[in-house]
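Take a look at the structure set out below.
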Amino acid sequence: MQHSVSIRDLSLNFGNVKVLQHLDLDIAQGEFIVLLGPSGCGKSTLLNCIAGLLDVSDGQIFIGGKNVTWEEPKDRGIGMVFQSYALYPQMTVERNLSFGLRVSGMKKDEIDKRVARAAEILQIGPLLQRKPVELSGGQRQRVAIGRALVRDVDVFLFDEPLSNLDAKLRSDLRVEIKRLHQRLKNTMIYVTHDQIEALTLADRIAVMKNGVIQQLSDPHTIYNKPVNLYVAGFIGSPQMNMFNGTLNGTNFVAEDGTSISVATYDFATPVSGSTKAIMGIRPEHIVLGEESRSMPFSADVEIEIVEPMGSDTLAWTKIAGHQVTFRCNSDVVLKPGQKVVVGFDAGRGSIFSTETTNRL
Amino acid sequence: MTSETMTAPKIGATGAVEPRGAKPKKLTIARVGVYAFLVIAALFFLMPLWVMIVTSLKGLPEIRLGHLFNLPAQVTFEPWLKAWDTACTGRDCNGLKPGFFNSLKITLLSVPVSIVVAMINGYALSFWKYKGSDLLFGILIFGAFVPYQVVIYPLIIGLSKVGLFATLPGIVIVHTIFGMPILTLLFRNFFASLPPELFKAARVDGAGFWQIFFQIMLPMSVPIAIVAVILQTTGIWNDFLFGTVFAGRENMPMTVQLNNIVTTTTGVREYNVNMAATILTAAVPLAVYFISGKWFVRGIAAGAVKG
Chain D
74 MQHSVSIRDL SLNFGNVKVL QHLDLDIAQG EFIVLLGPSG CGKSTLLNCI
124 AGLLDVSDGQ IFIGGKNVTW EEPKDRGIGM VFQSYALYPQ MTVERNLSFG
174 LRVSGMKKDE IDKRVARAAE ILQIGPLLQR KPVELSGGQR QRVAIGRALV
224 RDVDVFLFDE PLSNLDAKLR SDLRVEIKRL HQRLKNTMIY VTHDQIEALT
274 LADRIAVMKN GVIQQLSDPH TIYNKPVNLY VAGFIGSPQM NMFNGTLNGT
324 NFVAEDGTSI SVATYDFATP VSGSTKAIMG IRPEHIVLGE ESRSMPFSAD
374 VEIEIVEPMG SDTLAWTKIA GHQVTFRCNS DVVLKPGQKV VVGFDAGRGS
424 IFSTETTNRL
Chain F
435 MTSETMTAPK IGATGAVEPR GAKPKKLTIA RVGVYAFLVI AALFFLMPLW
485 VMIVTSLKGL PEIRLGHLFN LPAQVTFEPW LKAWDTACTG RDCNGLKPGF
535 FNSLKITLLS VPVSIVVAMI NGYALSFWKY KGSDLLFGIL IFGAFVPYQV
585 VIYPLIIGLS KVGLFATLPG IVIVHTIFGM PILTLLFRNF FASLPPELFK
635 AARVDGAGFW QIFFQIMLPM SVPIAIVAVI LQTTGIWNDF LFGTVFAGRE
685 NMPMTVQLNN IVTTTTGVRE YNVNMAATIL TAAVPLAVYF ISGKWFVRGI
735 AAGAVKG
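Written out as structure tokens, the structure reads:
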């Protein structure tokens, strides 16, 4: 199958700073890819390279099978949505939408048809004669998406489009973008530092760090089987609980001597002998109550802090000398100082080599 | 209960008024001092203007009495008419009239030309960066610190070589060149304050150098352009040095003629005519400031903060 977007051995340097290093990425037709990482990891830079707004230092970019490495942004068949909306402030919404088409010299009735279609899809029809200053943040971002939409392109690029919006609008527009993707079936490349956006929207997530893709996989795999310690720590809120220790055959021995059975763990690579390792277990995989006695590992602990979140409750405690958070039903009444029993199955967790930080 | 008793401040146990609602404003000594200072400063700076106006409305005999600040006993507009129409500058006795129209010509041509050049410069330097563009900008800004007198002689030679010395295009070119550093700085900083995504979005939309400039950047730069118009209009109108050197006999600006009227060494010194001529010459920049003061502040603010 032909790839919609292919990136081959891409490097970009700003002076001596290597922002992207030998990056390869293949994106299938109609796929929703999220580039996820902290600020400064090169995700926006990569998007700007795909858009043609930055000249690459080395490597190639293919869009729709065509080598566009040296092409102008307008000739790449892309539409782009920016975090700051970047609407032309002196033009009405209608003229904002039609600007690119007018510049390319398209016929008036074709322009009207496309603007009408975009306005219908994004439900911005009543706003067409307004100026951007008269719009709310959510409406502005919808117009910005419309501007990409009228260009009738194969690939949509989103550069943190929801980061300037408040929490409620963000989740509303997130669903709308997902709906848009299901309707249009375009290839979409979406840059964000928000893991919720990444997990909810993506077909595949590329977790980036220092200009290198750490893991490229579907959200379920990224969340449950992170390839290294960095991905494990970056994804998930609250963070995955980590234990330092040593792996001896089917037993993980924490630093304070607590032994945790890993017989149920599915090792990616066979481990022989004794090796330093880090075990990670997600807060929601720790079970509270008497039924946890039957789990491969259980312990009696004391609750330190309780954080009710509404839908569920987070509790802080100590297991094997480490701070541990676990998630439980919000109906359970917990109090600081209360003694409870918790347990987990290491098979649902992740084990990383201390030396390489890679998944074992 | 009447409404007065409802809204009246409650008297607390100690007899003091219980604080509620807006804090009452008090006239403190410091505030009185500030106002007094401001009034005195304003009067001080208005003094020359006052003297100029009353003197220009007096006859010469009254001026000789030496009561500088007094209102004219007999108001006469004769000096104003003379300054405008018949005062002598050297051998010609046509007043300031020809100079006014020369200044008008020079200003109306130089202001748009210099602003358009600087605007394109600033736009290119902030959005279309190329290797060495920052260096070029640095050199351009350095130009603002070069004293004019240093460049005058080479400029005379250069302009006369191409036949533009002492012509209207010559003086327009000179004003454009000398306005460039500060205006380019003004426009570059304004464009640099705009979100770069705007430029990126326009490029993705397929617009080129001129399309982005005319359709997106130009409509946005109205406030800063007004600042530039004010700076250039007052600067060029008030210019004396370049006018004397580069304008040529036919295009002598008003400032040069004013100087010639005021510094005439023959005959009686007509203070009233001199004052009237000075006020006439300063009238245009003054009017520009009065009319556009609001826009000026708004434009400066637009350049300083992101919209």
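Protein sequences appear in the order of chains D and F. Numbering follows my numbering, in which position 141 of the first sequence is assigned residue number 214; successive positions increment by one, without gaps. Numbering follows my numbering, in which position 163 of the second sequence is assigned residue number 597; successive positions increment by one, without gaps. All C-beta atoms in this analysis are idealised placements derived from N, C-alpha and C, irrespective of residue type, glycine included.
- From the listed residues D:A388, D:L222, D:V326, the smallest Cα separation to V406 of chain D is found for D:A388.
- Within chain F, the residues whose beta carbon sits less than 9 angstroms from that of V176 of chain D are A636, D639, G640, A641, G642, Q645, Q649, listed in sequence order.
- The Cβ-Cβ distance between T319 of chain D and V326 of chain D falls below 9 angstroms.
- Put simply, the CB of P653 of chain F is near chain D, with a gap under 9 angstroms to one of its CB atoms.
- Straight across, the Cα-Cα distance linking L559 of chain F with P356 of chain D is about 53 angstroms.
- Ranking F:M654, F:W671, F:L569 by CA distance to the CA of Q163 of chain D puts F:M654 first.
- Taking 9 angstroms as the cut-off, the Cβ atoms of V663 of chain F and T610 of chain F do not count as close.
- Counting only unbroken stretches of 4 or more residues, the alpha helix (DSSP H) elements lying wholly within the region 288 to 352 of chain D are 292 to 297, 302 to 307, in sequence order.
- DSSP lists D:V397 as the bridge partner or partners of T390 of chain D.
- For S334 of chain D and F370 of chain D, the gap between their C-alpha atoms comes out near 7 angstroms.
- In the three-state reduction of the DSSP assignment, S371 of chain D falls in the strand class, which pools E and B.
- Note that the C-beta distance between A372 of chain D and A350 of chain D is not below 9 angstroms.
- When the Cα atoms are used, C527 of chain F and A517 of chain F turn out to be separated by approximately 10 angstroms.
- Around the CB of M153 of chain D, 16 or more other CB atoms lie within 10 Å, so the residue is classed as buried.
- Taking 7 angstroms as the Cβ-Cβ cut-off, the region 615 to 631 of chain F approaches chain D at P629, E631, given in chain order.
- Comparing alpha-carbon positions, the option among D:N324, D:R366, D:M281, D:S345 lying closest to S112 of chain D turns out to be D:M281.
- Taking 9 angstroms as the Cβ-Cβ cut-off, the region 339 to 364 of chain D has no residue approaching chain F.
- The three-state reading of DSSP puts P615 of chain F in helix, counting H, G and I together.
- No Cβ-Cβ contact shorter than 9 angstroms links A717 of chain F with G604 of chain F.
- N672 of chain F has its alpha-carbon roughly 9 angstroms from the corresponding atom of M688 of chain F.
- Boundaries of the beta strand (DSSP E) around L98 of chain D: 90 to 101.
- Membership of E183 of chain D in the alpha helix (DSSP H) is indicated by the continuous run 181 to 195.
- A residue is called buried when at least 16 other Cβ atoms come within 10 angstroms of its Cβ; T462 of chain F does not meet this threshold and is exposed.
- Interface criterion not met: the Cβ of Y303 of chain D is under 9 angstroms from no Cβ in chain F.
- For R277 of chain D, the enclosing beta strand (DSSP E) begins and ends at 277 to 282.
- With a 10 Å radius around the Cβ and a threshold of 16 neighbouring Cβ atoms, H254 of chain D comes out buried.
- The DSSP-derived three-state label of M164 of chain D is coil.
- About 7 angstroms separates the Cβ atoms of G110 of chain D and H266 of chain D, confirming a contact at the 8 angstroms cut-off.
- Look at the beta carbons and you see the region 637 to 649 of chain F not touching the region 612 to 628 of chain F: under three pairs across the two are nearer than 8 angstroms.
- Excluding sequence positions up to five before and after D245 of chain D, its CB lies within less than 8 angstroms of the CB of G211, all in the same chain and listed in chain order.
- DSSP lists D:I136 as the bridge partner or partners of K139 of chain D.
- In the structure shown, N402 of chain D falls within a strand segment according to DSSP collapsed to helix, strand and coil.
- Contact check for V638 of chain F and A124 of chain D: beta-carbon distance about 6 angstroms, within the 8 angstroms limit, so the pair qualifies.
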